[in-house]
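Only one structure is covered here, and it is reproduced in the block below.
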Amino acid sequence: MTTEIVQLCPLIPALEEELAQRFTVHRLFEVSDRAAFLAEKGGAIRGVVTGGHIGLPADIGAALPKLEIVAINGVGFDKVDLAEAKRRGFRVSNTPDVLTADVADLALGLILAQARRLPQADQYVRTRQWLKGDMGLSTRVAGRRCGIFGFGRIGQAIARRLEGFDAHISYTARNRRDVAYDYYDSIEALAANCDVLIIAAAATAETRHIVSAEVLNALGPQGVLVNVARGSLVDEKALIEALSNGVIAGAALDVFEDEPRVPEALFAFETVTLAPHIGSGTHQTRRAMADLVLANLDAHFAGRELPTPVA
């Protein structure tokens, strides 16, 4: 009998096909009565495949007494209780590195789209408004002061791309890095010294709502917030208030606190560019992520070290 695992969200077809070849897969996201299913089948489940935006909800984890591994199809692991994983002895893996380039690319795309009003320009042409006259001016990207909060793999990749725009780059991280960029020891100081504040840090208890009203005030009326990290890092109520009152100039967001539910108040701002959490959403990266999910599951059930364990 094959090993039984539970899948918590849809995955790319290629990954779903390969999981089905290796395991007996229960697609929990398609089950109407989740509690009844877990009561009946939970005792046989040895693995969970999930997304970083879902992690392992506490009620599901509690219903899986034989759980051995949680394989995250994504880099974020903030929605898995690592202390509980350690206590119970199940392993957790994610898919780092393979999505770094795509998320960094998207950060640059959001900066350009928001500053040069690319979504509005597209609609201006499609709705034939151009026939009535020019659209109007936008904001230059080259030479702007760009501050990056979180200077891991993704933050550094964003910085390298910004160099091509002659940006003045600064950053905030737990530790100062050996780079030729300005370092600030707090996000408030970083925000006060940049035009574009880019959020690229991990979601933790310490970083929840770290982009607060005070940070947005420091960013100022010419400043723009860009978030390609996790929605929980931004106090969305404070952001909406800041946009409404002209405290900041605009925002470009790929992530939100309660995805896929986005605060409708954000839809009203022409200075806000929105994307549906597509940072890793390319064919190439999703395939590479799928390969890592499979590699971690294969390694675990073969008794080997995981390729990409979460510490």
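Going by the working numbering, the residue at position 33 of the sequence shown is 413; the numbering climbs one at a time, nothing skipped. Even glycine gets a Cβ: it sits at the ideal position worked out from N, Cα and C.
For residue i, which three-state DSSP category applies?
i           : result
residue 451 : strand
residue 426 : strand
residue 676 : helix
residue 383 : coil
residue 505 : helix
residue 569 : helix
residue 393 : helix
residue 585 : coil
residue 624 : helix
residue 529 : strand
residue 666 : helix
residue 658 : coil
residue 687 : coil
residue 613 : helix
residue 480 : helix
residue 597 : helix
residue 562 : strand
residue 549 : strand
residue 469 : coil
Hey, would you say residue i sits closer than 7 Å to residue j, going by beta carbons?
i           : j           : result
residue 418 : residue 428 : no
residue 653 : residue 672 : no
residue 521 : residue 501 : no
residue 642 : residue 613 : no
residue 636 : residue 611 : yes
residue 485 : residue 524 : no
residue 583 : residue 618 : no
With a threshold of 16 other CB atoms inside 10 Å of the CB of residue i, please say whether the residue is buried or exposed.
i           : result
residue 549 : buried
residue 625 : exposed
residue 505 : exposed
residue 609 : buried
residue 578 : buried
residue 544 : exposed
residue 438 : exposed
residue 663 : exposed
residue 482 : buried
residue 469 : exposed
Using the Cα positions of residue i and residue j, report the straight-line distance between them to the nearest angstrom.
i           : j           : result
residue 632 : residue 462 : 31 Å
residue 570 : residue 493 : 23 Å
residue 509 : residue 644 : 26 Å
residue 451 : residue 472 : 6 Å
residue 690 : residue 403 : 23 Å
residue 445 : residue 464 : 12 Å
residue 562 : residue 616 : 28 Å
residue 607 : residue 658 : 12 Å
residue 434 : residue 536 : 26 Å
residue 660 : residue 430 : 15 Å
residue 565 : residue 538 : 19 Å
residue 526 : residue 498 : 20 Å
residue 337 : residue 650 : One cannot answer for residue 337 here, as it falls past the ends of the chain, which runs 381 to 691.
residue 684 : residue 448 : 13 Å
residue 529 : residue 586 : 13 Å
residue 627 : residue 678 : 51 Å
Using C-beta distances below 8 Å, list every residue in its chain close to residue i, excluding the 5 sequence neighbours before and after it, in chain order.
i           : result
residue 572 : 598, 599, 600
residue 406 : 384, 385, 386, 387, 417, 421, 425
residue 515 : 497, 500, 501, 504, 509
residue 507 : none
Note down, in chain order, each residue of its chain lying with its Cβ closer than 7 Å to the Cβ of residue i, except the 5 sequence neighbours on either side.
i           : result
residue 455 : 432, 474, 475, 476, 479
residue 620 : 643, 645, 646
residue 595 : 567, 568, 571
residue 531 : 551, 553, 557
residue 681 : 383
Cutting at 6 Å between CB atoms, please list the residues of its own chain near residue i, excluding the five before and the five after it.
i           : result
residue 488 : 541
residue 408 : 386, 388
residue 401 : none
residue 443 : 418, 422
residue 395 : 670
residue 399 : 405
residue 558 : none
residue 581 : 529, 530, 587, 609
residue 655 : 634
residue 589 : 615
Answer yes or no: does any C-beta atom of chain D fall closer than 7 Å to that of residue i?
i           : result
residue 413 : The chain inventory of the structure shown lacks chain D, comprising one protein chain alone.
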